[in-house]
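Asks: Just dropping this structure here.
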Amino acid sequence: MKRNRIIYFLLCIAAIVLASFYGGPVSYSLLFGLLLITPVSLLYLLTVYIFFKLYQVVGNKHITAYEPVPYYFVLQNEYLLNFCNISIKTYSTFSYIGNIHNSEENTAEKHDDTSLSNVYELLPGENIRYDTNLICRYRGDYFVGIKEITIVDFFKLYRITYRVPEPLNAVVSPRIIKLESLRSIPEMTLSTFRENPHMSSDFDASVREYVAGDPIKAISWKASARTGSLKSRLTYGEQRQGIGLFLDTKRISDNEYTYIPVENKCLEIVLALANYFSVFSVPVTMYYSQSGPVSACCGNQSEMDSFLSSVNTLRFRDDEDSTVLLDSLIGSAAFANCMVVFLVITSADAELNRKLYSLSLTGVKTVIYYVGYNPRTEDIIELQDQKVFAVLPEDDISKIL
Numbered sequence: 036m037k038r039n040r041i042i043y044f045l046l047c048i049a050a051i052v053l054a055s056f057y058g059g060p061v062s063y064s065l066l067f068g069l070l071l072i073t074p075v076s077l078l079y080l081l082t083v084y085i086f087f088k089l090y091q092v093v094g095n096k097h098i099t100a101y102e103p104v105p106y107y108f109v110l111q112n113e114y115l116l117n118f119c120n121i122s123i124k125t126y127s128t129f130s131y132i133g134n135i136h137n138s139e140e141n142t143a144e145k146h147d148d149t150s151l152s153n154v155y156e157l158l159p160g161e162n163i164r165y166d167t168n169l170i171c172r173y174r175g176d177y178f179v180g181i182k183e184i185t186i187v188d189f190f191k192l193y194r195i196t197y198r199v200p201e202p203l204n205a206v207v208s209p210r211i212i213k214l215e216s217l218r219s220i221p222e223m224t225l226s227t228f229r230e231n232p233h234m235s236s237d238f239d240a241s242v243r244e245y246v247a248g249d250p251i252k253a254i255s256w257k258a259s260a261r262t263g264s265l266k267s268r269l270t271y272g273e274q275r276q277g278i279g280l281f282l283d284t285k286r287i288s289d290n291e292y293t294y295i296p297v298e299n300k301c302l303e304i305v306l307a308l309a310n311y312f313s314v315f316s317v318p319v320t321m322y323y324s325q326s327g328p329v330s331a332c333c334g335n336q337s338e339m340d341s342f343l344s345s346v347n348t349l350r351f352r353d354d355e356d357s358t359v360l361l362d363s364l365i366g367s368a369a370f371a372n373c374m375v376v377f378l379v380i381t382s383a384d385a386e387l388n389r390k391l392y393s394l395s396l397t398g399v400k401t402v403i404y405y406v407g408y409n410p411r412t413e414d415i416i417e418l419q420d421q422k423v424f425a426v427l428p429e430d431d432i433s434k435i436l
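As structure tokens, this is what we get:
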């Protein structure tokens, strides 16, 4: 386009010189013809801008990260003029469009490309439809599909680029990554799960307060008569099979290109852990803050859908202070009976280290996943029975967890 503009400018200079020194109908006709190219080109661009239409549809309202969903778009010429040199640009940071194949018989030519970098030409009243798949990379609420349309005039002198007036908005759920093994957990804990997958089947001699839903045969009548309140007998391993899961819900940035990949990775970790332990019927309790303490539980595979719904509705906020929640959890001994506590964090400071030291005094094993673009694990205090793992937004967590 730059070359065409230079040539056009030189031709205009030459026509002006010719008309000035020689005159005559030919030189003046050439000059006026060249000068008319600019308004004609701009009028053409305005016409295309008004009468060119784009339609795009996502075939599924419920989108899960990295799962392809049907998607198509239609380019439509609604005028009596031939439209040429039309190109489109897609949202490619959070999503991408799969292979394109032409499914309409009334198109000008066949296309079978893996990108949307083509230049399209539409005859009067013609439309082109492309059916393909849309794949979203991250959990979140963001725009997908076609982002911008670029129009160039016949002489390739002028160009107009404008955003699609009504872009597609996608609400994407996080995916559940199924782990074959858990590398980051202490070996003794993992072997315990595997050797005794039915840990709650036999009763211990110890008792605890009765909880609604406990089986009648689990009630210790002697202990209940002695204390004056209902007591249930503990099952073998009940005190050591629970898993604590803490999620830091503080937003790290105001820029969606920064915080969406990090938040997505945090939720992938949470879901992968809950799904892994649900296979062994090991109860997992997740704690997080939503302008106040909130918890979600998953005890087996049948409860994963409910747990996923809770995870999918939680929101990261820049005004959340997760250290307050962590402090209250440690103070209330919420993690005291857990076999392992997993912490999914996005920042580390002196206040967090103080909380980790207090948690270590309870004797519980702790695994920390530090998620970020440059997570410095050396900023986290080194303690006994504690492991720290740095996780980048694009890491494969099945190789880390």
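Its first residue numbered 36, the sequence shown is counted upward by one per residue in my numbering.
Cβ atoms here follow ideal geometry from the backbone N, Cα and C, with glycine treated the same way.
Taking the CB atoms as reference points, tell me whether THR401 and ASP414 lie closer together than 9 Å.
Replies: The answer is no: Cβ separation not under 9 Å.
Asks: Answer with buried or exposed for THR381, where buried requires no fewer than 16 other C-beta atoms within 10 angstroms of its C-beta.
Replies: With 16 or more other Cβ atoms within 10 Å, it is buried.
Asks: Quick one: is VAL317 buried, meaning 16 or more other Cβ sit within 10 Å of its Cβ, or exposed?
Replies: Label assigned to VAL317: buried.
Asks: Under the assumption that ILE251 contacts TYR245 (Cβ atoms under 8 Å), give the Cβ distance between them as a whole number of angstroms.
Replies: With 8 Å as the limit, ILE251 and TYR245 do not qualify as a contact, their Cβ atoms being about 10 Å apart.
Asks: Quick one: residues in its chain with C-beta nearer than 7 Å to the C-beta of ASP362, no 5 flanking neighbours on either side, listed in chain order?
Replies: Here the set comprises LYS390.
Asks: Between which two residues does the alpha helix (DSSP H) harbouring VAL359 extend?
Replies: Per DSSP, VAL359 belongs to the alpha helix (DSSP H) from 357-366.
Asks: Mind checking whether LEU265 and PHE377 have CB atoms under 9 Å apart?
Replies: Their beta carbons are not under 9 Å apart, which means LEU265 does not touch PHE377 by this criterion.
Asks: To the nearest angstrom, report how far apart VAL61 and ILE163 are at their CA atoms.
Replies: Approximately 43 Å, taken between the alpha carbons.
Asks: DSSP beta-bridge partners for PHE281?
Replies: Looking at the DSSP assignment, PHE281 forms a beta bridge with TYR322 and LEU378.
Asks: Using CA coordinates, which residue listed in ILE220, SER259 and LYS124 is at the minimum distance from ILE278?
Replies: Selected option, being the one with the closest Cα: ILE220.
Asks: Just to confirm, are ILE121 and VAL83 a CB contact at a threshold of 9 Å?
Replies: Result yes, Cβ atoms of ILE121 and VAL83 sit closer than 9 Å.
Asks: State the DSSP-derived secondary structure class of THR149, mapped to helix, strand or coil.
Replies: Note that THR149 has pLDDT 37, beneath the 50 cutoff, so the model's placement of it is unreliable and the number below is only indicative. THR149: coil per DSSP, three-state reduction.
Asks: For ASP356, which residues from the same chain have a beta carbon less than 8 Å from its beta carbon, with the 5 sequence-adjacent residues on both sides left out?
Replies: Hits under 8 Å: LYS285 and SER324.
Asks: Distance, Cα to Cα, GLN336 vs LEU436?
Replies: In a straight line, the C-alpha of GLN336 is about 19 Å away from that of LEU436.
Asks: Could you check if SER130 is buried or exposed, using at least 16 other CB atoms within 10 Å of its CB as the buried criterion?
Replies: By the 10 Å Cβ count, SER130 comes out buried.
Asks: Smallest Cα separation from SER313: which of SER326, LEU394, GLY327 and CYS332?
Replies: Minimum Cα distance to SER313 is reached at CYS332.
Asks: Pull up the distance between the alpha-carbon of LEU45 and that of VAL52, whole angstroms please.
Replies: Each residue's alpha carbon lies about 11 Å from the other.
Asks: Taking all protein chains shown into account, do 16 or more other C-beta atoms lie within 10 angstroms of the C-beta of ALA368, making it buried, or fewer, making it exposed?
Replies: When all chains shown are included, ALA368 counts as exposed.
Asks: Taking Cβ positions, are VAL305 and VAL199 nearer each other than 9 Å?
Replies: No. Outside cutoff.
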